[in-house]
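Engineer: Got a structure for you, written out below as C-alpha cells; questions coming shortly.
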Amino acid sequence: MEPLVMKLKQWYNIFIILIQISIIGAKIGPTGMERHEQTTCDEFSKYARFNPYSVLKDRWFIFYYWAPPAHMSTYVFALPTQNETEHLHMLLDDYVTVPVNWTATLLLMKDDNNKASLLVERNDRGHYWLYVVYHSLEKGLKLDPIDIRIKQTGDNKYLGMLACEAETVVVMARFKDIPRKNKIQDEAARIGYRGKGGRSYLYQGHQWMPIPEADDREFWALPKRRFMFE
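Each residue of the sequence shown is one higher than the one before, starting from 10 at the first, in the numbering used here.
And the structure:
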C-alpha cells in the first residue's frame with residue numbers, strides 16, 4: 010500500500026474512533042465563541058483525574074461531542090492480556106514514530122465494529138498516546154500516535170476525551186448514566202470543556218430538536234457484540 014494511501018486510511022480510522030477532525034466554525038448548539046476562548050489541551054488536563062481501572066468492561070456511549078456529525082459509537086475498555094500484548098508488540102514496534110512504553114499502564118479501546126486502539130499512559134493527569142492498531146502495514150511505514158487527554162467526573166459517570174491536534178472532544182457515559190435530554194448539555198459541561206460546535210446524538214438539526222425515541226428503552230437496546238481483540 011502506498012504511504013499516502015496508508016496515511017489517508019490512518020486518519021479515516023482516527024475519525025471513526027474519536028471523530029478525529031477539526032471543529033467546524035459554524036455556530037451549532039448553545040453559544041458561539043472565539044477560538045482563543047476554547048479550552049486548550051493543557052487547560053483540559055490541568056486538574057484532570059482518570060482511573061483507567063474504573064472504566065473497564067462497561068460499554069460507553071458518546072452522548073455529546075464537539076466535532077462534525079458522525080455515526081453513533083460505543084466503546085469498551087480492557088486491559089490487554091499477555092497474549093494480546095505480545096501481538097501488539099509485533100503490530101506496533103516497527104511501525105510507530107514514538108516507541109510504545111510497554112511498562113506503562115495500557116488500555117485497549119474497542120469500538121462496536123471491533124476496531125482497536127491502544128492507549129498508553131504518559132502521566133497521572135490523563136495524558137495518553139493513542140496508537141491505532143492495524144493488522145497489516147507496509148514495511149518501513151511509520152505512524153504517529155495521537156496525543157489524547159482523558160478525564161472523568163468525580164462520580165465516575167462521565168468520561169471526556171480530547172484529541173489535542175484535531176481539537177475534538179467526546180463525552181461518554183455508561184448506558185445507565187446517559188442523561189435525560191433536558192440535562193444533556195449541563196451534564197456534558199461537567200467535564201470542563203469550552204468550545205463551539207457541541208452537539209448530541211440525541212438531538213437533530215440546528216434547533217436542538219429532541220429525537221422522540223431518545224428516552225425510550227428500545228432506543229438503547231443495541232445488539233450485543235463480542236469485543237474480542239483480533
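Glycine residues also receive a C-beta, built at the ideal position from the N, C-alpha and C atoms.
If you're wondering where the values come from, they're calculated on a predicted model, not measured in any experiment.
#1: Tell me whether residue 139, by its Cβ, gets closer than 7 Å to a heavy atom of the ligand PLP.
#2: Which of the three DSSP states is assigned to residue 194 in this structure?
#3: Give the secondary structure of residue 94 by DSSP, where H, G and I count as helix, E and B as strand, and everything else as coil.
#4: Please give me, in chain order, every unbroken run of the alpha helix (DSSP H) with length at least 4 that falls completely inside the segment 51-119.
#5: Counting along the chain, where does the beta strand (DSSP E) carrying residue 156 start and finish?
#6: Bridge partners for residue 168 per DSSP, in chain order?
#7: What are the boundary residues of the beta strand (DSSP E) that residue 140 is part of?
#8: Would DSSP call residue 208 helix, strand or coil?
#9: Spell out the partners DSSP gives residue 128 in its beta bridges.
#10: Does the segment 175-195 touch the segment 64-72, meaning 3 or more C-beta pairs lie closer than 8 Å?
#11: I need the straight-line Cα distance from residue 149 to residue 142, nearest angstrom please.
#12: Figure out for me which residue from 198, 111 and 78 has the closest Cα to the Cα of residue 48.
Structural biologist: The short version:
#1: Of the ligands one can find in the structure shown there are none, so the ligand PLP has no counterpart to examine.
#2: Here DSSP, grouped into helix, strand and coil, assigns residue 194 to helix.
#3: Residue state, collapsed to three classes: helix.
#4: Qualifying alpha helix (DSSP H) stretches, in chain order: 91-101.
#5: Run containing residue 156: 155-161, per the beta strand (DSSP E) assignment.
#6: Its beta-bridge partners are 161 and 181.
#7: Counted as a single uninterrupted DSSP element, the beta strand (DSSP E) harbouring residue 140 occupies residues 136-141.
#8: Collapsing the DSSP output to three states places residue 208 in a strand.
#9: Residue pairing from DSSP places residue 128 in a beta bridge opposite 116 and 139.
#10: With a cut-off of 8 Å, the segment 175-195 and the segment 64-72 count as touching, because enough Cβ pairs lie within range.
#11: In this model, residue 149 and residue 142 are separated by some 16 Å (Cα to Cα).
#12: Considering only alpha carbons, the answer is 198.
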